[in-house]
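K.L.:
In our numbering, the protein residues as written are 174 to 455.
Structure representation (structure tokens):
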């Protein structure tokens, strides 16, 4: 096996990166926070026995206590239960947005960077148009056009991230295309599509992983912002942004805002910290 083939083998590269890897305590804590959020989204019933929808008027607006960790809302519903059950929608929507951004933006950047010429020119103009529109404004435009619910908010957020992934992928593809092992593969008679999928894509996509993780946290914020403005699912849904929006009308009981806001902030900061760590280990 030649040195060129080793350098183009993503499995060998991954093993090399993991060898001797040292994870800082703050990164470990970030992984735990994200793992907890994922666990909430997959099995919320394991973390709370309260119903997030049915209300108990006699217990409305109770402060945080041993029975209700985040207190209760204006209808007597346990706020912790609503935050936990709302995680599924928030996390799943952010994941949908990232998948859309990675797939669509990755394909655009891959083809533009590899083939160049008129293909690069056409896709570059498309990316320029998308980048000229503020990301959140573009998400609002898309969700307004296709309808108000959380899934559409996720699609809108993903569309707004396409240009970012396309630009990063194109840059990495151009860099990889000029590598020695790619030129060697051309000289040995490899077809363009074989070289594209076997050599260029695995090496160029390594830089997309930290960006995808970072975009996951950013998508949580964008989707929460859309829900806050009323572009997500209506009540009694418990998306994090919707909980904050409802809580702002009851500022005399600040836990209605602080609890979902702090969970959102902790999750996003943890995801961002993981992304920075991945970039350093790249």
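Glycine is no exception: its CB is placed at the ideal position from the N, C-alpha and C atoms.
If you're wondering where the values come from, they're calculated on a predicted model, not measured in any experiment.
1. For residue 422, name the three-state secondary structure that DSSP assigns.
2. Alpha carbon to alpha carbon, how far is residue 381 from residue 249?
3. Under a Cβ-count criterion, where at least 16 other Cβ atoms within 10 Å of its own Cβ denotes burial, should residue 222 be classed as buried or exposed?
4. Alpha carbon to alpha carbon, how far is residue 392 from residue 215? Give it in angstroms, no decimals.
5. What is the rounded straight-line gap between the Cα of residue 265 and the Cα of residue 434?
6. Please state whether the Cβ-Cβ distance between residue 334 and residue 296 is less than 8 Å.
7. Quick one: grab the DSSP three-state call for residue 245.
8. Report all residues from its chain with a CB closer than 7 Å to the CB of residue 183; omit the five preceding and five following residues, and keep chain order.
9. What three-state label does DSSP hand residue 293 in the structure shown?
10. Using the C-alpha atoms, what's the distance from residue 453 back to residue 192?
11. Assess, as a yes-or-no matter, whether the region 280-287 is touched by the region 402-418 under the definition of 3 or more beta carbon pairs within less than 8 Å.
12. Return helix, strand or coil for residue 412, following the three-state DSSP convention.
13. Since residue 483 sits in a beta bridge, which residues does DSSP pair it with?
14. What separation, rounded to the nearest whole angstrom, lies between the Cα atoms of residue 210 and residue 390?
15. With H, G and I counted as helix, E and B as strand and the rest as coil, what does DSSP make of residue 195?
16. Rounded to the nearest angstrom, what separates residue 395 and residue 246 at their Cα positions?
17. Just confirm the distance between the C-beta atoms of residue 243 and residue 428, as a whole number of angstroms; I'd bet it's less than 8 Å.
18. Thinking C-alpha only, which one of 371, 432 and 447 is nearest residue 350?
19. Using the Cα positions of residue 327 and residue 369, report the straight-line distance between them to the nearest angstrom.
20. Could you check the C-alpha separation between residue 386 and residue 231 for me, to the nearest Å?
21. With burial defined as no fewer than 16 other Cβ atoms inside 10 Å of the residue's Cβ, what is the status of residue 238: buried or exposed?
22. Using three-state DSSP, classify residue 442 as helix, strand or coil.
23. Would you call the region 312-332 in contact with the region 396-408, where contact means no fewer than 3 C-beta pairs closer than 8 Å?
24. Taking residue 258 as the reference, give the member of 401, 421 and 213 with the closest Cα.
25. Please classify residue 251 as buried or exposed, where buried requires at least 16 neighbouring CB atoms within 10 angstroms.
26. Are residue 203 and residue 446 closer than 8 Å when you measure CB to CB?
27. What's the C-alpha gap between residue 292 and residue 357?
28. Output the distance between the C-alpha atoms of residue 325 and residue 407, rounded to the nearest integer angstrom.
29. Name the residue from 346, 424, 302 and 321 whose alpha carbon lies nearest to the alpha carbon of residue 336.
P.N.:
With the structure as the only source:
1. helix
2. 44 Å
3. By the 10 Å Cβ count, residue 222 comes out exposed.
4. Between residue 215 and residue 392, the C-alpha separation is close to 19 Å.
5. 18 Å
6. no
7. strand
8. Confidence in residue 183 is poor, its pLDDT being 47 and thus under 50, which makes the residue's placement too unreliable to answer from.
9. helix
10. At residue 192 the pLDDT is 44, less than 50, meaning the model places this residue with poor confidence and gives no usable figure here.
11. no
12. coil
13. One cannot answer for residue 483 here, as it falls past the ends of the chain, which runs 174 to 455.
14. 12 Å
15. coil
16. 24 Å
17. 6 Å
18. Comparing Cα-Cα distances from residue 350 to each of 371, 432 and 447, the minimum goes to 371.
19. Cα-Cα distance, rounded: 30 Å.
20. 43 Å
21. exposed
22. Correct three-state label for residue 442: helix.
23. Yes: the two stretches touch, three or more of their Cβ pairs being nearer than 8 Å.
24. 213
25. Answer is buried; the Cβ neighbour count reaches 16.
26. yes
27. 24 Å
28. 13 Å
29. When C-alpha distances from residue 336 are compared across 346, 424, 302 and 321, the shortest belongs to 302.
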